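Residue numbering for the sequence shown follows the numbering used here, beginning at 93 and increasing consecutively.
Beta carbons: idealized from backbone N, C-alpha and C, even for Gly.
Please read all numbers here as calculations on a predicted model, not as lab measurements.
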Amino acid sequence: MTRIEAVPPTPVVKPPRRFHLPVPRFSLGRLIKLGIVVFLVWVLVLIAKTGLWQIPFISQFAYHRPSPIHIASPTTATATLTERLANITNHEVDIPDSELTTLASAGVSTLHLGVTEINVAAISGDELEFSFAIPQRHNALVRITLQPVRSADNHLTFNVSRTRIGEVTVPSWVIGEPTRLLLLSQLTPLLRSLPALRDVRTTDFALVLL
93 MTRIEAVPPT PVVKPPRRFH LPVPRFSLGR LIKLGIVVFL VWVLVLIAKT GLWQIPFISQ
153 FAYHRPSPIH IASPTTATAT LTERLANITN HEVDIPDSEL TTLASAGVST LHLGVTEINV
213 AAISGDELEF SFAIPQRHNA LVRITLQPVR SADNHLTFNV SRTRIGEVTV PSWVIGEPTR
273 LLLLSQLTPL LRSLPALRDV RTTDFALVLL
């Protein structure tokens, strides 16, 4: 008799399981909606970084209140400054930023602007930083960078190089230009007795007129 041996069954090879990630299908409409959401979040972050408004959750991570370059303590030395300008002999006048702060504070008080923490800080590099806080808006800090220059008629003037509300840079005409005019209006009457300026510069803590 012919012996019939059992043939083992051929093992069935199962294909590997394929994992399909749930990748959403982006249509043009969904892309537009996503763009709108991203834009709105960016706007909210920008608003929060000004410090003018508190945006729930976002302000906690997006806003960190800045500080002035340094604090110039206001003084009552305006009369001393006037006398110094009247008796100038070497054609050089150093105006400490503490006196600039006093003058700026006097100008703000006459206009009743309702701002506090007024500070004018001079730093080397021909720059002044005029800063103040807005109490009605969570004490948001405004910082205006001014560059003192000699005008065409040899008088002192200022250029606004940067205006920031909180951590956001804004167009200078919004706040920077009025602030520039305010400081200039306080200084101009005091400087009328000076001869024509040859140069103007800043050092740490002082504005220097030559």
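Distance between ILE128 and PRO287, taken at the CA atoms: about 59 angstroms. Listed in chain order, the beta strand (DSSP E) runs fully inside the stretch 205–290 are 208–215, 219–226, 232–242, 248–257, counting runs of at least 3 residues. The shortest CA-to-CA distance from ALA140 to any of SER151, TRP134, LEU132 is the one to SER151. Residue pairing by DSSP places LEU299 opposite ILE187, THR294 in a beta bridge.
Around the beta-carbon of ASN211, 16 or more other beta-carbon atoms lie within 10 Å, marking it buried.
Here ILE226 is near VAL207, since their CB atoms are less than 8 angstroms apart. Put simply, the backbone Cα of LEU275 is about 12 angstroms away from that of THR237. ALA213 is not a Cβ neighbour of ASP245, given a cutoff of 8 angstroms. For LEU144, the three-state secondary structure derived from DSSP is coil.
Taking the Cα of ARG254 as reference, the smallest distance to any Cα among ARG272, LEU248, ARG229 is reached at ARG272.
Separation of HIS247 and ASN231 (C-alpha to C-alpha, rounded to the nearest whole angstrom) is 35 angstroms. A direct Cα-Cα distance of roughly 11 angstroms separates ARG229 from ILE257. Excluding its 5 nearest sequence neighbours in each direction, GLY217 has C-beta neighbours in its own chain below 8 angstroms: THR294, listed in chain order. The shortest CA-to-CA distance from VAL260 to any of LEU144, SER277, LYS125, VAL133 is the one to LEU144. From the listed residues LEU282, VAL234, THR193, the smallest Cα separation to GLU269 is found for VAL234.
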